[in-house]
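Numbering (our numbering), first residue to last: 23 to 253.
Even glycine gets a Cβ: it sits at the ideal position worked out from N, Cα and C.
Owing to the predicted nature of the structure, the values given are computational and were not obtained by experimental measurement.
Reading through the C-alpha cells given below for one structure.
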C-alpha cells in the first residue's frame, strides 16, 4: 500500500533555475512554502520572489535576497508598479557556501515568517496583501531540489513541475480501504518531528498505513509545519 497525492498537487523536483511558476489558489494565512536546495561554493547571491502575477514584471509581495558580498546579509523588500520599497537588511547569513539547506516561508497574520534549517530567521511584515500572490520566482546562484506548498486546506498548489501542480495538504490512499478510523483527522506538527509520536490511530487503522505514513513523513517533511486532512 502506498500514499499518492491527488492529481495536480505534486511537489516540484529539481526545477531549472531561473524558475517562474504559478501558485494555484494563491496564498493565505496558515500556508507554508517548503524549499530544499543547495548553495554553490562560488555563490554571490540568489533570490526568491513571491509575485502578484505570472510575469517577471508583476508586483513583488516578498523579495528574499541573500547576498554574499563581503558584507554578508539577507535583503527583504517589495516592489509595486516597478518601484522598489525600502529594504530590510538583516546582517546575518543563515546559508553556508557549498552546503544544502531547508527553508520554510510561513504565512502568518503578521507577515512571512522565515525559517532556515529549522531555525527562526526573520519575519517580513506584509506590505502587499498576501491574497494577491499568484506565483513564485527563483533565480541566481542556487540549486533547488524540492518546492512544496503545505497546509491551508484544499485549493493550493504550484504549477510547473513534474506531475503538473505542487503542494499538498490532502493525501489519499490509492487502495480501497476503510478510512473511518481517521476521518477528519488533522495533524499539526509545527516544526516538531517528535509530535508524530503523539498521533492517536484508531484500532481498525491498518498497521501498514501507519508505517507508510511515518516513512512518508521522514522522507518528505523535515521540521516543517504540516497539516494533513484525510477524506
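Problem - Meets three-Cβ-pair contact criterion under 8 Å: the stretch 100-109 and the stretch 39-48 - result: At 8 Å Cβ cutoff, the stretches do not touch.
Exercise for the section: Identify, in the order they occur along the chain, each residue of the same chain with its Cβ nearer than 7 Å to the Cβ of residue 127, setting aside the five sequence neighbours on each side. Expected result: A distance below 7 Å between beta-carbons, with the five flanking residues on each side excluded, links residue 127 to the following residues of its chain, in chain order: 54, 55, 134 and 136.
Exercise for the section: Return the CA-CA distance between residue 49 and residue 169, expressed in angstroms with no decimal places. Expected result: So the two alpha carbons sit approximately 15 Å from each other.
Problem - residue 152 versus residue 93: straight-line alpha-carbon distance, rounded - result: Approximately 30 Å, taken between the alpha carbons.
Practice task
Check residue 67 in the structure and name its three-state DSSP category.
Solution key: Looking at residue 67 - three-state DSSP - the assignment turns out to be strand.
Handout entry: Neighbourhood of residue 131 by C-beta distance below 8 Å, restricted to the same chain and skipping five residues each side
Key = These residues qualify, in order along the chain: 51.
Practice task
Would you kindly report the start and end of the unbroken beta strand (DSSP E) that includes residue 101?
Solution key: Here the beta strand (DSSP E) through residue 101 covers 95-102.
Exercise for the section: Pick helix, strand or coil for residue 221, following the three-state DSSP scheme. Expected result: The pLDDT assigned to residue 221 is 46, lower than 50, so where the model puts this residue is not dependable; a value taken from the coordinates is nonetheless given after this. DSSP places residue 221 in coil when its eight states are reduced to three.
Handout entry: Beta-carbon proximity check, residue 123 vs residue 59, cutoff 8 Å
Key = A contact, by the Cβ cut-off of 8 Å.
Exercise for the section: Report the three-state DSSP secondary structure of residue 154 (helix, strand or coil). Expected result: The answer is helix: DSSP assigns residue 154 an H, G or I state.
Exercise for the section: Just the C-alpha distance for residue 159 and residue 95, rounded to the nearest angstrom, thanks. Expected result: Roughly 20 Å separates the two Cα atoms.
Problem - Per-residue DSSP class, three states only, for residue 137 - result: Of the three classes helix, strand and coil, the one that applies to residue 137 here is strand, per DSSP.
Handout entry: Residues that DSSP places opposite residue 10 in a beta bridge
Key = Shown here, the chain extends from 23 to 253; a query on residue 10 therefore has no answer.
Problem - Euclidean distance between Cα positions of residue 140 and residue 111 - result: Taking the CA atoms as reference points, residue 140 sits about 21 Å from residue 111.
Exercise for the section: Report the rounded CA-to-CA distance for residue 35 versus residue 165, giving the unit in angstroms. Expected result: About 11 Å.
Practice task
May I ask you to report which of helix, strand or coil DSSP gives residue 53?
Solution key: Note: residue 53 maps to coil in three-state DSSP.
Handout entry: Buried or exposed by the 16-neighbour rule on C-beta atoms within 10 Å, applied to residue 81
Key = By the neighbour-count definition (other C-beta atoms within 10 Å, threshold 16), residue 81 is a buried residue.
Problem - residue 142 to residue 161 span [Cα, whole Å] - result: The straight-line gap from Cα to Cα measures roughly 23 Å.
Problem - Outcome for residue 173 when other beta-carbon atoms lying within 10 angstroms are tallied against a minimum of 16 - result: Residue 173 comes out buried.
Problem - Range of the contiguous beta strand (DSSP E) that encloses residue 125 - result: It spans 122-129 - the beta strand (DSSP E) in which residue 125 sits, taken as one unbroken run.
Problem - Cβ separation of residue 149 and residue 107, assumed to be a contact under 8 Å, to the nearest whole Å - result: Contact between residue 149 and residue 107 holds: their C-beta atoms lie close to 6 Å from each other, under 8 Å.
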